[in-house]
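Below is one structure; the comments refer to it alone.
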Amino acid sequence: MGNCFKTPSTDDISLLRGNESQEGSDQSLGPPPPYQERVPVFHPSPNVSRPANQLSEEEQIKIAKRLGLISHLPSGVYDGSSKKGKECAICMCDFVLGEGLRFLPCMHTYHKTCIDDWLMRSFTCPSCMEPVDAALLTTYETN
Amino acid sequence: MCYIYVCLVEMNKNPVEGFSAGLVDDEDIYKWEVMIIGPADTPYEGGFFKAQLVFPKDYPQRPPKMTFLTEMWHPNIGTDGLVCISILHEPGNDKYGYESASERWLPIHTVETILISVISMLADPNDESPANVDAAKMWREKPDEFKKKVAKCVRKNYHYHIIHISAPLNLKNHRTHFIPYKLLQ
Numbered sequence: 028m029g030n031c032f033k034t035p036s037t038d039d040i041s042l043l044r045g046n047e048s049q050e051g052s053d054q055s056l057g058p059p060p061p062y063q064e065r066v067p068v069f070h071p072s073p074n075v076s077r078p079a080n081q082l083s084e085e086e087q088i089k090i091a092k093r094l095g096l097i098s099h100l101p102s103g104v105y106d107g108s109s110k111k112g113k114e115c116a117i118c119m120c121d122f123v124l125g126e127g128l129r130f131l132p133c134m135h136t137y138h139k140t141c142i143d144d145w146l147m148r149s150f151t152c153p154s155c156m157e158p159v160d161a162a163l164l165t166t167y168e169t170n
Numbered sequence: 164m165c166y167i168y169v170c171l172v173e174m175n176k177n178p179v180e181g182f183s184a185g186l187v188d189d190e191d192i193y194k195w196e197v198m199i200i201g202p203a204d205t206p207y208e209g210g211f212f213k214a215q216l217v218f219p220k221d222y223p224q225r226p227p228k229m230t231f232l233t234e235m236w237h238p239n240i241g242t243d244g245l246v247c248i249s250i251l252h253e254p255g256n257d258k259y260g261y262e263s264a265s266e267r268w269l270p271i272h273t274v275e276t277i278l279i280s281v282i283s284m285l286a287d288p289n290d291e292s293p294a295n296v297d298a299a300k301m302w303r304e305k306p307d308e309f310k311k312k313v314a315k316c317v318r319k320n321y322h323y324h325i326i327h328i329s330a331p332l333n334l335k336n337h338r339t340h341f342i343p344y345k346l347l348q
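Protein chains in written order, with this note's numbering: chain S, 28 to 170; chain C, 164 to 348.
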């Protein structure tokens, strides 16, 4: 049973290339990838926190779906326009020019890192409590 | 980390009636001590309750745990003092649909909103999912006995606050900020 949740630094494409070169010649092989101690931790349900390599198949599917949905949410960089709000309601810090932002379908804006971490735990907007998946569906329907 | 500290500074700048907060130990910003004044027109009126808030390292993504250190008799406070209200429950949807995600912890809650919820819980207990079943039963079936039992806790804690007011100078410098405002008036 494979594990879909590798750390971001282990890119699938580079892994594939590595395999190809292994079959062909062994001289193009670089040094082995460094041993990775930090495995990302996921929160499949309330009160459950597990490192990626200890998730059940069902949990892996749930998390993969969630990661996919989050990646479909629009994101951008703070350009100083006040229309999108000036403060992240999660960390209570003001947005700084160039910081990564995530825009939810309910029009609330947060730091990308703050909201992505939260959405992996609960798929609701912290400000209006609107379920993000339902809102995503309605935006798709209206478009 | 700095977020919790900002919370503390903000709360001392804009004090809210009914409670005060500060650090237990200057070195550890994840452990707070709060004082809650029993809300008026409830059996807890006149009481002065001490509680501890312990924040997880990934706060505000996860809720803090709140435990009363002074004896409490309330349907939603366990016999160990642990406060059991939905907004302090871990985020997400549980399998059984017992509580919706919107009722659980949200990262926009602050110490202020938590304490306001706790004060409203004191005024209006929820006996549907009690942490102290005996207290819930008594509250529902024998309200007079319940009030008497709470009054006993209030009296005990009343003594406690007399001791505290008389000795504010023993508190560390910045802890003097959180001597309850009502008592200073």
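We treat Cβ as the ideally placed atom computed from N, Cα and C, and that holds for glycine.
If you draw a straight line from the Cα of S/CYS141 to the Cα of C/ILE282, it comes to about 29 Å. In the DSSP assignment, C/GLU275 falls within the alpha helix (DSSP H) that extends over 274–286. In terms of beta-carbon proximity, S/PRO158 lines the interface with chain C, with at least one pair separated by less than 9 Å. Annotated three-state conformation of C/ARG267 is coil, per DSSP. Residue pairing by DSSP places C/ILE248 opposite no residue, since no beta bridge is assigned to it.
For C/GLY241, there is no enclosing alpha helix (DSSP H), as DSSP marks it with neither H nor E. For S/ALA116, the neighbours in chain C by C-beta distance under 7 Å run, in chain order, ILE271.
Residue state for C/GLY181 is assigned as coil, using DSSP reduced to three classes. Burial state of C/ASN239 is buried, judged by a 10 Å Cβ sphere holding 16 or more other Cβ atoms. Within chain C, the residues HIS252, GLU253, GLY255 and ASP257 have their CB atoms less than 9 Å from the CB of S/ASN74, given in chain order. Against chain C, the beta carbon of S/THR140 has no neighbour under 9 Å; the closest one sits roughly 11 Å away. With respect to chain S, the C-beta atom of C/PRO223 has a partner C-beta closer than 9 Å. The Cβ atoms of C/GLU253 and C/ARG225 lie closer than 9 Å to each other. Linking S/GLY107 to C/LEU251 through their CA atoms gives a straight-line distance of about 35 Å.
Between C/CYS247 and C/GLY255, the CB-CB gap reaches or exceeds 9 Å. Neighbours of C/ALA294 in chain S, taken as residues at a C-beta separation under 8 Å, are lacking, since the least C-beta distance is about 16 Å. The count of Cβ pairs closer than 8 Å, one atom from the segment 179–197 of chain C and one from the segment 295–304 of chain C, stays below three, leaving the stretches out of contact. Taken residue by residue, none of the segment 272–306 of chain C has a beta-carbon sitting less than 7 Å from a beta-carbon on chain S. Residue state for S/ARG129 is assigned as strand, using DSSP reduced to three classes. Identification of chain C residues near S/ASP144 by a Cβ-Cβ cut-off of 7 Å yields GLN224, ordered along the chain. Excluding sequence positions up to five before and after S/ARG148, its CB lies within less than 8 Å of the CB of HIS70, all in the same chain and listed in chain order.
S/PHE150 and C/LYS319 have their alpha carbons spaced roughly 44 Å apart. Looking at C/ASP221, C/PRO227 and C/MET235, the one whose alpha-carbon comes closest to that of C/LYS213 is C/MET235.
Exposed is the label assigned to S/PRO58, since fewer than 16 other Cβ atoms lie within 10 Å of its Cβ. With fewer than 16 other Cβ atoms inside 10 Å of its own Cβ, S/LEU124 counts as exposed. Residue-level contact by beta carbon holds for C/ALA264 and chain S, with a gap shorter than 9 Å. In this structure, the CA atom of S/PHE130 is about 14 Å from the CA atom of S/PRO158.
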